[in-house]
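Each residue of the sequence shown is one higher than the last, beginning at 44 in my numbering.
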Amino acid sequence: MPSPAGQQYTPSARASERALNRRVFLRNSLGASAGLLAAPTVVTWPAAADAKAATGPAAFVDDYTTNVLANLTPETNAVIRVLGGMSAVWKTGGAWNTGTPLRPEVLRANMRYCARVTAARTDAQAKEAFIYDRQHQSYATIAGLGPLADLYRSGAKAVTSITGAPDGTPSGKINDAVPADAPAGSALGAGAHDSALGKVAELVDTVRGPFASGNPSKYAYQYPRPWRMNEDSEVVDTGRTDPLGFPVYESAVVVAPQLLWQRGSAPADDGGFPSGHTNAFHLAALAYAYAVPERFQELVACAYELSHTRIVAGMHSTVDVIGGRVMATALAAATLADPANAALKAAARDQAAAYFQQRTGTTADTLYAYAHSAAVDTDRYADRTANARALEPRLTYVLTRHGRSTALTVPKGAEVLLETRLPYLDAAQRREVLRTTALPSGYVLLDGVEQWGRLNLFAAADGYGSFDSDVYVTLDAAVGGFGAADSWRNDIDGRGALVKRGTGTLTLTGANRYTGGTRVAEGTLVAGSSSALGTGDVRVAGGTLRATAAVRVPGSYTQSSGRPWT
Numbered sequence: 044m045p046s047p048a049g050q051q052y053t054p055s056a057r058a059s060e061r062a063l064n065r066r067v068f069l070r071n072s073l074g075a076s077a078g079l080l081a082a083p084t085v086v087t088w089p090a091a092a093d094a095k096a097a098t099g100p101a102a103f104v105d106d107y108t109t110n111v112l113a114n115l116t117p118e119t120n121a122v123i124r125v126l127g128g129m130s131a132v133w134k135t136g137g138a139w140n141t142g143t144p145l146r147p148e149v150l151r152a153n154m155r156y157c158a159r160v161t162a163a164r165t166d167a168q169a170k171e172a173f174i175y176d177r178q179h180q181s182y183a184t185i186a187g188l189g190p191l192a193d194l195y196r197s198g199a200k201a202v203t204s205i206t207g208a209p210d211g212t213p214s215g216k217i218n219d220a221v222p223a224d225a226p227a228g229s230a231l232g233a234g235a236h237d238s239a240l241g242k243v244a245e246l247v248d249t250v251r252g253p254f255a256s257g258n259p260s261k262y263a264y265q266y267p268r269p270w271r272m273n274e275d276s277e278v279v280d281t282g283r284t285d286p287l288g289f290p291v292y293e294s295a296v297v298v299a300p301q302l303l304w305q306r307g308s309a310p311a312d313d314g315g316f317p318s319g320h321t322n323a324f325h326l327a328a329l330a331y332a333y334a335v336p337e338r339f340q341e342l343v344a345c346a347y348e349l350s351h352t353r354i355v356a357g358m359h360s361t362v363d364v365i366g367g368r369v370m371a372t373a374l375a376a377a378t379l380a381d382p383a384n385a386a387l388k389a390a391a392r393d394q395a396a397a398y399f400q401q402r403t404g405t406t407a408d409t410l411y412a413y414a415h416s417a418a419v420d421t422d423r424y425a426d427r428t429a430n431a432r433a434l435e436p437r438l439t440y441v442l443t444r445h446g447r448s449t450a451l452t453v454p455k456g457a458e459v460l461l462e463t464r465l466p467y468l469d470a471a472q473r474r475e476v477l478r479t480t481a482l483p484s485g486y487v488l489l490d491g492v493e494q495w496g497r498l499n500l501f502a503a504a505d506g507y508g509s510f511d512s513d514v515y516v517t518l519d520a521a522v523g524g525f526g527a528a529d530s531w532r533n534d535i536d537g538r539g540a541l542v543k544r545g546t547g548t549l550t551l552t553g554a555n556r557y558t559g560g561t562r563v564a565e566g567t568l569v570a571g572s573s574s575a576l577g578t579g580d581v582r583v584a585g586g587t588l589r590a591t592a593a594v595r596v597p598g599s600y601t602q603s604s605g606r607p608w609t
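Dropping the structure here:
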């Protein structure tokens with residue numbers, strides 16, 4: 044059967060249904076949150092809020108189901124709360140067009156960036172932006188599966204009618220639909236729940252479920268779309284209309300011609316922050332990544348690339364896209380950590396592994412190689428270095444760091460995002476991976492409540508960024524997959540040591556500077572770079588130490604009798 048959640052991101056219900064006094068309360072409430080997050084503002088909380096502030100809000104993963112349209116304040120809605128960094132740069136107005144910048148330099152840089160990108164946009168980029176605007180987001184993200192993508196589409200019966208773009212402005216709105224010639228039982232988005240990959244499709248739709256909408260936050264923050272604002276984030280209606288009958292606003296941001304009909308006609312219901320498409324791209328990518336961790340990093344890169352097309356399209360600004368990513372990261376973790384979804388996520392992972400191994404003639408140990416067997420001409424995300432280079436500036440876009448550095452406390456439940464990618468680590472170790480690969484503090488939109496925006500899942504897929512204490516890692520050759528063999532590609536520093544246990548294989552390829560030493564107790568440790576073993580002592584007490592090239596050992600080297608070095 045088709046997915047019950049198989050629909051695209053769509054605008055929310057009409058704002059006219061919400062009373063003015065409620066919006067005034069919302070504005071005051073958001074101001075209170077801005078004071079808590081980015082003081083020095085003297086804030087007076089309502090009495091009810093005082094009681095809650097005394098105990099602190101519930102962790103996002105325990106409160107994510109509050110993200111519904113009935114809840115439009117940070118006190119009542121967990122998503123509005125974690126996006127609170129926005130309230131440090133933007134003050135919500137009494138109407139959609141009366142908000143004011145609190146950090147004008149941030150929002151001016153935001154608008155100027157969007158103007159530059161849309162001015163430089165090529166015809167090919169405009170067409171691509173149209174495709175990813177109109178295609179179901181869960182379908183678009185399948186591209187991150189690379190050599191497994193076509194197998195997924197056929198196995199899940201996932202289809203789309205958006206396979207190209209018009210040369211210019213079409214005659215009207217265009218929406219995705221199941222093609223008339225699609226196989227029986229086909230569905231939009233992630234596919235059909237009764238297909239060979241139905242559990243994976245169901246997981247994607249569950250992660251993108253009823254509590255995953257960005258619409259409550261759009262109403263809460265009321266930050267307009269970039270094509271309605273000038274570089275000072277002011278809404279100035281010129282009094283003119285364009286050939287399609289839309290009001291013309293003072294703005295240097297140009298919407299792609301193919302998407303002119305897709306603009307919203309009710310601006311109060313069509314806010315920019317956070318980007319709904321971005322939220323959907325990242326939610327879908329993280330759900331697929333849970334089920335198919337062999338493509339985890341590429342799926343994350345895909346989500347960033349697709350999200351950037353929202354800026355290229357002229358439909359969203361950089362702050363909108365950052366907000367969409369932040370909320371999606373938190374929502375994906377909350378949904379995957381929810382005990383109600385434990386059986387589903389396990390079934391989706393098992394189903395995906397069995398299906399792809401059967402269809403490719405691989406095993407748990409060889410599926411990863413198959414999933415990375417294509418070149419960039421057929422797999423857009425085949426080049427890890429290129430992925431990292433494209434993704435890095437999009438972590439922060441126009442934001443600059445301010446203030447002192449503060450350590451990250453990894454949000455509760457975030458470790459579930461790495462559960463299948465790093466299955467040989469326990470929950471505490473996965474949290475440490477997230478902490479040591481996170482972005483530094485000081486980026487205003489990323490420093491909201493719980494700081495979900497600081498997580499860098501692309502980097503986390505490559506293991507630890509630092510050994511701040513001794514790290515004991517156990518891989519078991521009999522388990523297969525990542526549990527049997529994995530590579531840590533980050534440049535690892537820190538005072539801790541690495542102790543390799545178990546019969547499996549761990550490969551280190553970074554320019555490592557950790558000082559605590561390296562000990563091989565069991566299995567195989569592969570030094571894949573000249574500085575892979577850090578700067579401390581190296582001891583091979585059991586198992587095998589293997590090097591792919593000359594390796595520096597600045598400290599002492601000891602090897603138990605009979606232990607191999609290859």
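We put the beta carbon where it would ideally sit given N, CA and C, even for glycine.
Quick caveat, the model's predicted, so the values are computed rather than measured.
In the pairwise beta carbon analysis, the region 162–178 is classified as touching the region 351–358: at least three pairs are separated by under 8 Å. Between the alpha carbons of residue 353 and residue 168 lies a gap of roughly 11 Å.
Setting aside the 5 residues that flank it on each side, residue 485 is surrounded in the same chain by 444, 445 and 446, each with a C-beta closer than 6 Å to its C-beta; the list follows chain order. Between the alpha carbons of residue 316 and residue 468 lies a gap of roughly 36 Å. Per DSSP, residue 240 is not a residue of any alpha helix (DSSP H), being assigned neither H nor E.
In this structure, the CA atom of residue 201 is about 15 Å from the CA atom of residue 189. Contact check for residue 343 against residue 500 passes: the beta carbons are separated by less than 7 Å. Following the DSSP letters along the chain, one finds residue 198 inside the alpha helix (DSSP H) bounded by residues 192–199.
Residue nearest to residue 226 within the set 421, 199, 251 and 403 is 199 (criterion: CA-CA distance). Around the Cβ of residue 216, a 10 Å sphere holds fewer than 16 other Cβ atoms; the residue is exposed.
In the DSSP secondary-structure assignment, residue 561 is bridged to 541 and 581.
The region 363–370 makes no contact with the region 206–216: fewer than 3 CB pairs, one atom from each, lie closer than 8 Å. Apart from the 5 residues on each side of it in sequence, residue 257 sits with its Cβ closer than 6 Å to the Cβ of 317, 319 and 322 in its chain, given in chain order. Here residue 480 is buried. Its C-beta has 16 or more other C-beta atoms within 10 Å. The region 507–555 contains, as complete beta strand (DSSP E) runs of 3+ residues, the segments 514–517, 528–531, 541–544 and 548–551 (chain order). Contact between residue 228 and residue 238 holds: their C-beta atoms lie close to 7 Å from each other, under 8 Å. Inclusion of residue 191 and residue 399 in the CB contact set at 7 Å is warranted, their separation being smaller than that value.
Collapsing the DSSP output to three states places residue 597 in coil. Between the alpha carbons of residue 430 and residue 345 lies a distance of about 9 Å. When C-beta atoms of the region 524–537 are compared with those of the region 406–417, three or more pairs fall below 8 Å, so the two segments count as touching. Rounded to the nearest whole angstrom, the CA to CA distance from residue 507 to residue 576 is 14 Å. Listed in chain order, the non-local C-beta contacts of residue 276 below 6 Å within the same chain comprise 144 and 150, local neighbours out to five positions each way being set aside.
When rounded, the separation of the alpha-carbon atoms in residue 579 and residue 599 is 7 Å. Beta-bridge analysis with DSSP links residue 230 to 201.
Put simply, of 535, 334 and 539 the residue whose alpha carbon is nearest the alpha carbon of residue 515 is 539.
Contact between the region 255–275 and the region 299–313 is present: 3 or more CB-CB pairs across the two stretches fall below 8 Å. With a contact defined as Cβ atoms closer than 8 Å, residue 457 and residue 474 qualify at about 7 Å. No Cβ-Cβ contact shorter than 7 Å links residue 103 with residue 396. Assigned with DSSP and collapsed to three states, residue 402 falls in helix.
Out of 435, 472 and 302, the CA that lies nearest to the CA of residue 512 is found in 472. Three or more beta-carbon pairs separated by less than 8 Å are not found between the region 280–295 and the region 418–436, which leaves the two stretches without contact.
Taking C-beta separations shorter than 6 Å and ignoring five residues to either side along the sequence, the partners of residue 441 in its chain run 152, 153, 156 and 361, following chain order. Apart from sequence neighbours up to five positions away, the residues of its chain that approach residue 337 with a beta-carbon distance below 6 Å are 410, 411 and 414, ordered along the chain. For residue 290, the three-state secondary structure derived from DSSP is strand. For residue 290, same chain residues with a beta-carbon under 7 Å away, outside a window of 5 residues either side, are 280 and 284 in chain order. CA-to-CA, the gap between residue 123 and residue 375 works out to about 16 Å.
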